[in-house]
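All remarks here apply to the structure that follows.
There are 2 protein chains.
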Amino acid sequence: MSRSVSPEEIHSSLMEMGEKCKLAAYRLAGMTSAQKNECLRKMADAIEAAAADIKRENQKDLKAGKEKGLSAAMLDRLKLDDARIKSMADGLREVTALDDPVGKHLSSVVRPNGIKIDKVSVPLGVIGIIFESRPNVTVDSAGLCLKAGNAVLLRGGSEAINSNIILAHCLNRGGVESGMPDGAVQLIPWTDREAINVMLKMDQYIDLIIPRGGEGLIRTVVENSTIPVIKHYKGVCHVYVDAEADMDMAENIIINGKCQRPGVCNAVETLLVNENVAEEFIPRIVAALTEKGVEICGDSTVCGLAPCAVPATEDDWYTEYLGLKISVRTVKDVCEAVYHINKYGSHHSDCIVSSNKESVGIFLNGVDSSTVYHNVSTRFTDGGEFGMGAEIGISTDKLHARGPMGLPELTTYKYIVTGSGQVRP
Amino acid sequence: MSRSVSPEEIHSSLMEMGEKCKLAAYRLAGMTSAQKNECLRKMADAIEAAAADIKRENQKDLKAGKEKGLSAAMLDRLKLDDARIKSMADGLREVTALDDPVGKHLSSVVRPNGIKIDKVSVPLGVIGIIFESRPNVTVDSAGLCLKAGNAVLLRGGSEAINSNIILAHCLNRGGVESGMPDGAVQLIPWTDREAINVMLKMDQYIDLIIPRGGEGLIRTVVENSTIPVIKHYKGVCHVYVDAEADMDMAENIIINGKCQRPGVCNAVETLLVNENVAEEFIPRIVAALTEKGVEICGDSTVCGLAPCAVPATEDDWYTEYLGLKISVRTVKDVCEAVYHINKYGSHHSDCIVSSNKESVGIFLNGVDSSTVYHNVSTRFTDGGEFGMGAEIGISTDKLHARGPMGLPELTTYKYIVTGSGQVRP
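Which chain is which? The protein sequence lines are A and B, in order. The first sequence lines up with residues 4 to 428 when you count with our numbering. The second sequence lines up with residues 4 to 428 when you count with our numbering.
Below, the structure is given as structure tokens:
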């Protein structure tokens, strides 16, 4: 993929891809659930049938990655073996079982003049996915977009380009063989920045951009896109332990939130403790966290109560550690906790542990996050855990989709107005 | 308002305004419908009580506008007299009667592990409105935003700046007197471009930008904003007359769409006629349109059938005339009509006149517009006509809101998850 192409060539090729995607999307919008499911099944078969080729192409990426000095964790994420190939194919088959979100009658009203106004769910059209490293995103996101009747234009990172190309090829072959319009799943073969710059201005063809990756990538997308973007930058999730809280429950929820899988966006990064229970709770939770290997930084009260804690800086309160570290602060009441979370948090997932109804109400109403929890671990912010069946991502935005995004969030609606010749007086 | 301020001063003042707006929004989110309605009533009273001051400030704008050479139509839009002041105040009172969109339980599910997930509507937060000329936008949009629990940061055009400032002042005085958090309604007093540039990057404070004005203003907003934008650029609305159509009905709908109020976004700009009825229908509709003073441009068939028509250029099909002109084209079938509308249209409002069920189905499904009509004038795309009670604008976007936007479109949702200590296994 290192053949040299001019920016003009990239521009005109992307425009062609965009137009083809749009036309495919119009045809997809008219397909039945059965037709779309048949495409998904054939895509899954095509991926499994090409396992040997996929592993060969993936080896190229792994070799290049090693030469580039990617970390063992990065190389592991990149790797496709038989089990992972089967898992991608099975993922597509599972999507066939999900409820088709298209064609739902959302509301219906007959106006006094006799016109009937139906609000009906329809596909968004063309969805642009910009992602890094993991090649399974190619397959997972194409499957979900297709089930919701959307065409998809994929732009993956350079580390996985050979794997992404062959996976997109399999998806296309399987899909088109079973009636999917050609162009409904396309992967941009150029991994340089120019391709993203062009893509982000193609608002005549692309209806939504979903970036999946690090905060840097997502900020670039937001700053340059003229197309609507749904995203989350990061997950700085909080647990607030109220004065009236079950301390065993609080400890469980914090340990689960911090330690069960520290590298994910719904893991806990900051613990807020009501000052009335600080003396009782902080030594205890610090001991439990330390035992799990968690480093602790805290405010002066916390450092006074737990000698192993180091002083937190202002930056710590904004930080998503994505690892075994936590920042801990005492607050005077639930209002100060809410203020802290809204100021320093990322509007993702935040929890109160409390048995005081008034505190709980203030917290759940006041915290401006996509998901607020009462006596439940923040780790449940996930499409599967929410019963959505699958998710294409999590949004900390407020427009269109907030929290885990399933298939319905990949649709929009249109108004269909029928009558018998009514005109406006 | 011509005192000179440095870009740094504008920047720091706007940041302060933004933070104040955000804090006010958090307080607004906790207000009851009764409290918000009381604010709206007091705002209305404050505007009526200040009628003399408002007219005095408005005179300054009118005088400056005359000196700048604004057209009579522009000056008329700018003008505030007693009737218009009363109408703005009454508009606020009408908003009190609308259903509060906040706090609706959108869905509720109990998962097998016992956690309960409620999806509840909440305010968006801070809405930024960028608008031109008409000062009533200050009042109308503040009222709607407030009722939906949102703070609003307004940025009006230079022509109406004195009127906008006093109106915002009245809204604030009335609101704050009756319990509205200070800062919930703010108007940016600088009308230079720098203020817009800063505002469009304030994504830490502003949750949504709604631009209202010409296509140029809206494109600038979309290209520069890091905040989500809901908009419509223009309304290039179509009527397609099918082979099997009631010709009287078609004529009525076209004349209504083109002539009843040609300057609005849901007026008809392009007529598509099935070639099988072109000979019958085109001379007839051209005569009816010409009688109303409508200029006609058309394809070669149309020009052959109607000598008064001038040849349409490629540009004509994209054009929103906003006046007494229409472009007319013949198409071979409904599919070609759909293709034309999706290619040249603005995804606003498009109509088929037909009694053929199959054609109607193809059209209503295939046309990628916010509102599609069967045997009804496109002029009905309007919040009031849709029964929404009021609208803050019309969206041709697909994300979050499509078509007329009422109060529910000024809210988002959050997930509230409650349990008894559940952690993720």
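Where is the CB? At the ideal position from N, CA and C, for every residue including glycine. Note that the structure is a prediction, hence the values are computed from the model and not measured.
Would you grab the beta carbon distance between residue i and residue j for me? Rounded to a whole angstrom, and I think it's under 8 Å.
| i | j | result |
| --- | --- | --- |
| Glu135/A | Leu275/A | About 32 Å separates the two Cβ atoms, so there is no contact after all. |
| Asn167/B | Ser423/A | Not a contact, Cβ separation roughly 44 Å. |
| Ala52/A | Ile169/A | About 12 Å separates the two Cβ atoms, so there is no contact after all. |
| Asn153/A | Leu127/A | 5 Å |
| Arg332/B | Val305/B | 7 Å |
| Val232/B | His14/B | 21 Å between Cβ atoms; not a contact. |
| Ile50/B | Val142/B | 7 Å |
| Gly177/A | Leu156/A | 18 Å between Cβ atoms; not a contact. |
| Leu1/A | Ala47/A | The structure shown has nothing for residue 1/A, since chain A only spans 4 to 428. |
| Thr293/A | Cys268/A | Rounded, the Cβ-Cβ distance is 24 Å, inconsistent with contact. |
| Ile257/A | Val271/A | 6 Å |
| Cys1/A | Val129/A | Here chain A comprises residues numbered 4 to 428, so residue 1/A is not present and cannot be evaluated. |
What in chain A is Cβ-close to residue i, meaning under 8 Å?
| i | result |
| --- | --- |
| Ser372/B | Lys417 |
| Gln263/B | Val426 and Arg427 |
| Asn200/B | Neighbours of Asn200/B on chain A: none; closest Cβ ~13 Å, over 8 Å. |
So, is residue i buried or exposed, given that buried needs 16 or more other C-beta atoms within 10 angstroms?
| i | result |
| --- | --- |
| Tyr416/A | buried |
| Glu41/A | buried |
| Arg59/A | exposed |
| Asn116/B | exposed |
| Arg158/B | buried |
| Gln189/B | buried |
| Glu394/A | buried |
| Gln207/A | exposed |
| Ser7/B | exposed |
| Lys71/A | exposed |
| Pro440/A | The structure shown has nothing for residue 440/A, since chain A only spans 4 to 428. |
| Arg264/A | exposed |
| Gly296/B | exposed |
| Lys360/B | exposed |
| Val244/A | buried |
| Cys338/A | exposed |
| Val313/B | exposed |
| Ser110/A | exposed |
| Pro428/A | exposed |
In its own chain, which residues sit with a C-beta less than 8 Å from the C-beta of residue i, not counting the 5 before and 5 after it?
| i | result |
| --- | --- |
| Phe389/A | Phe383, Gly406, Pro407 and Gly409 |
| Ser5/B | Summary for Ser5/B: the model assigns pLDDT 46, below 50, so the residue's position carries little reliability, and this model does not support an answer. |
| Met77/A | Gly68, Ser136 and Glu162 |
| Glu12/B | none |
| Glu97/B | Gly392 and Ala393 |
Once the 5 residues before and after residue i are set aside, which same chain residues still bring their CB inside 6 Å of it?
| i | result |
| --- | --- |
| Leu30/B | A quick correction: the sequence has Arg, not Leu, at residue 30/B. Closer than 6 Å at Cβ, skipping near neighbours: Pro184. |
| Lys204/A | Thr229 |
| Glu412/A | Ala404 |
| Val420/B | Ile118 and Ile120 |
| Val112/A | Ile120 |
Excluding the five sequence neighbours on either side, which residues of its own chain have a C-beta within less than 7 Å of the C-beta of residue i, listed in chain order?
| i | result |
| --- | --- |
| Gly348/B | Val239, His241 and Ser372 |
| Val125/B | Ala32, Val105, Thr414, Thr415, Tyr416 and Lys417 |
| Glu282/A | Leu308 |
| Ala291/B | Glu254 and Ile258 |
Could you name the residues of chain B that residue i contacts, counting a contact when the two beta carbons are closer than 9 Å?
| i | result |
| --- | --- |
| Thr421/A | Val363, Leu367, Tyr376, His377, Asn378 and Val379 |
| Pro286/A | In chain order: nothing, as chain B lies at least about 21 Å away. |
| Ala32/A | Asn368, Gly369 and Asp371 |
| His14/A | By Cβ distance, chain B contributes nothing, its closest Cβ being about 17 Å from His14/A, past 9 Å. |
| His359/A | Per the sequence presented here, residue 359/A reads as Asn, with His not at that position. None at all; the shortest Cβ gap to chain B is about 14 Å. |
Mind pulling the chain A residues with CB within less than 9 Å of residue i?
| i | result |
| --- | --- |
| Tyr29/B | Val341, Tyr342, Asn345, Gly369 and Asp371 |
| Gly406/B | Lys122, Tyr416, Lys417 and Tyr418 |
Name the chain A residues whose beta carbon is nearer than 7 Å to that of residue i?
| i | result |
| --- | --- |
| Val225/B | Thr229 |
| Gly390/B | Val112 and Arg114 |
Report the neighbours of residue i on chain B: residues whose CB is nearer than 8 Å to its CB, in chain order.
| i | result |
| --- | --- |
| Arg382/A | Val426 and Arg427 |
Checklist entry - What are the residues of the region 95-128 of chain A that lie near chain B, defined by any Cβ-Cβ distance shorter than 7 Å? => result Val112, Arg114, Ile118, Ile120, Leu127 and Gly128
Checklist entry - Taking any Cβ of chain B, which residues in the region 129-158 of chain A have a Cβ under 7 Å from it, in chain order? => result none
Item to check | Interface positions of the region 310-337 of chain A facing chain B (Cβ-Cβ less than 9 Å), listed along the chain | outcome: none
Next on the checklist: What are the residues in the region 202-213 of chain B lying within 7 Å of chain A by C-beta distance?
Outcome noted: The region 202-213 of chain B vs chain A, Cβ under 7 Å: Asp210 and Leu211.
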